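Read the sequence shown against the working numbering and you will find it ends at 823, with the numbers running on by one and no gaps. Even glycine gets a Cβ: it sits at the ideal position worked out from N, Cα and C. The structure displayed is predicted, hence computed values, not measured ones. Worksheet for the structure shown next.
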Amino acid sequence: MKNPIESIIADIQKGLARAAMDYANVGLNLYHSSKKLGPMKIQLTIGNLAISVELMIKTYLFKQDPTLIYKNLPLELQIALKVPGKMPTKFPWKVHETELKGSGHKTIELTDCINCFAILFPDEKQQLGAHLRFLARARNVAVHSVLPAFQQYELDRSIYVMLSMHEVLTKNDGKMFHYFKLDQNDKNKAFLKTFDELRINRVHKVIEGAKKKAKTLGTTRAPLVVTDWNFMATECPICGNDALLVGDTQHEVIELDPEGFGEHDLAFAAESFECESCGLKLEDTKELELAGIETTLDRSAELDRWFGEQAYEPSWEDYEDMSEDEDDGQNVTHPQQ
Ligand SMILES: [Zn+2]
Numbered sequence: 487m488k489n490p491i492e493s494i495i496a497d498i499q500k501g502l503a504r505a506a507m508d509y510a511n512v513g514l515n516l517y518h519s520s521k522k523l524g525p526m527k528i529q530l531t532i533g534n535l536a537i538s539v540e541l542m543i544k545t546y547l548f549k550q551d552p553t554l555i556y557k558n559l560p561l562e563l564q565i566a567l568k569v570p571g572k573m574p575t576k577f578p579w580k581v582h583e584t585e586l587k588g589s590g591h592k593t594i595e596l597t598d599c600i601n602c603f604a605i606l607f608p609d610e611k612q613q614l615g616a617h618l619r620f621l622a623r624a625r626n627v628a629v630h631s632v633l634p635a636f637q638q639y640e641l642d643r644s645i646y647v648m649l650s651m652h653e654v655l656t657k658n659d660g661k662m663f664h665y666f667k668l669d670q671n672d673k674n675k676a677f678l679k680t681f682d683e684l685r686i687n688r689v690h691k692v693i694e695g696a697k698k699k700a701k702t703l704g705t706t707r708a709p710l711v712v713t714d715w716n717f718m719a720t721e722c723p724i725c726g727n728d729a730l731l732v733g734d735t736q737h738e739v740i741e742l743d744p745e746g747f748g749e750h751d752l753a754f755a756a757e758s759f760e761c762e763s764c765g766l767k768l769e770d771t772k773e774l775e776l777a778g779i780e781t782t783l784d785r786s787a788e789l790d791r792w793f794g795e796q797a798y799e800p801s802w803e804d805y806e807d808m809s810e811d812e813d814d815g816q817n818v819t820h821p822q823q
């Protein structure tokens, strides 16, 4: 028999899964209900899809470790959730049940969920990264704004990213969402097929537009200087100017010898592309591939800069700074001996 804390954990796990699927289904049913949705329904649909993606990732994280979805959880609850089987019967679990199930403890937001997803599923994040960033921005607009100017493409990519997230997580764990399922399976399959076909047209169109604009450009622009590891400059295939790739720089230790020295690899996993000169804009890795842009680029020539910026060794002065922070800037008088 489960102890009370294990039952609470199981209830929350199930509640998250159900809520994730409920929000997804509201979005799906609105989307499939008519050919063209009005602005308010588009806003409502995108809002529901964003919340469902957030809850899907939370369901996954909670299953790995329930404490991952909470912010600033008290130590006693961290212990209770991490090692429920070790908790004494005296633990006042009833007091904490409502707070854990309700809104008593703050949970992480969609952007935090996306960051966690990026760490655990780097390859899938590369394909979905730009769509997920859009969804995080759209969630705030959909929830707080009255009439945002969402376009059909933005509605489509929200459905695409939600269905893709569901696929990634259920592939990883078939029992992730218990017996809660997505509605409209046949229509979803047809949607994904059309989304891929429309992607080809969309890329073709933006390339034609960029080619037209490139003809009107004068001299070549100065090269871009990029120091942030989430961006990389690359030559635009249309106008030849420097353009920007958005993504993640990934460091991999290929082989390590007993002394700790080894071969390192540094690569850039591109998620989207934007050229300010000719206006070429590509939103995911499939679009980059269609435009003939590499999605994984070698950055090993920059390993020295990478190590210089990443390998930071704290000095004693840092520890002194930290203890001042803990004192919250107040002077502490130590008793004289
Ligand atoms: Zn260009």
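- With respect to the 8 Å criterion, Gln-612 and Gly-733 are classified as neighbours on the basis of their beta carbons.
- A Cβ-Cβ distance of about 7 Å is found for the pair Leu-514 and Leu-668, placing them in contact under the 8 Å criterion.
- Between Ala-719 and Pro-709, the C-beta spacing is below 8 Å.
- For Val-692, no pairing in a beta bridge is given by DSSP.
- When only Cα atoms are considered, Asp-751 and Pro-608 end up about 16 Å apart.
- For Gly-733, the three-state secondary structure derived from DSSP is strand.
- Within the DSSP secondary-structure output, Ala-756 pairs in a beta bridge with Gly-733.
- For Val-711, the three-state secondary structure derived from DSSP is coil.
- About 5 Å separates the Cβ atoms of Ala-622 and Thr-597, confirming a contact at the 8 Å cut-off.
- For Ser-763 against Cys-725, the beta-carbon gap comes to about 5 Å, under 8 Å, which counts as contact.
- The beta carbon of Asp-790 sits closer than 8 Å to none of the beta carbons in its chain outside the five residues before and after it.
- Taken through DSSP and simplified to helix, strand or coil, His-591 comes out as coil.
- Our two residues, Gly-748 and Leu-541, have alpha carbons roughly 40 Å apart in a direct line.
- The three-state secondary structure of Glu-741, taken from DSSP, is strand.
- Considering only Leu-731, Lys-661, Thr-531 and Leu-523, the residue with the shortest C-alpha distance to Thr-713 is Leu-731.
- The segment 644-653 makes contact with the segment 534-549, as at least three CB pairs between them are under 8 Å.
- Between ligand 1 and the CB of Leu-535, the shortest heavy atom gap is not smaller than 7 Å.
- When rounded, the separation of the alpha-carbon atoms in Gly-765 and Ala-787 is 29 Å.
- Remark: C-beta atoms of Ala-696 and Cys-599 do not approach each other more closely than 8 Å.
- For the 8 Å CB-CB criterion, Leu-655 and Tyr-509 do not form a contact.
- Rounded to the nearest angstrom, the gap between the Cα atoms of Gly-778 and Arg-707 is 22 Å.
- The straight-line gap separating the alpha-carbon atoms of Val-629 and Thr-531 is approximately 11 Å.
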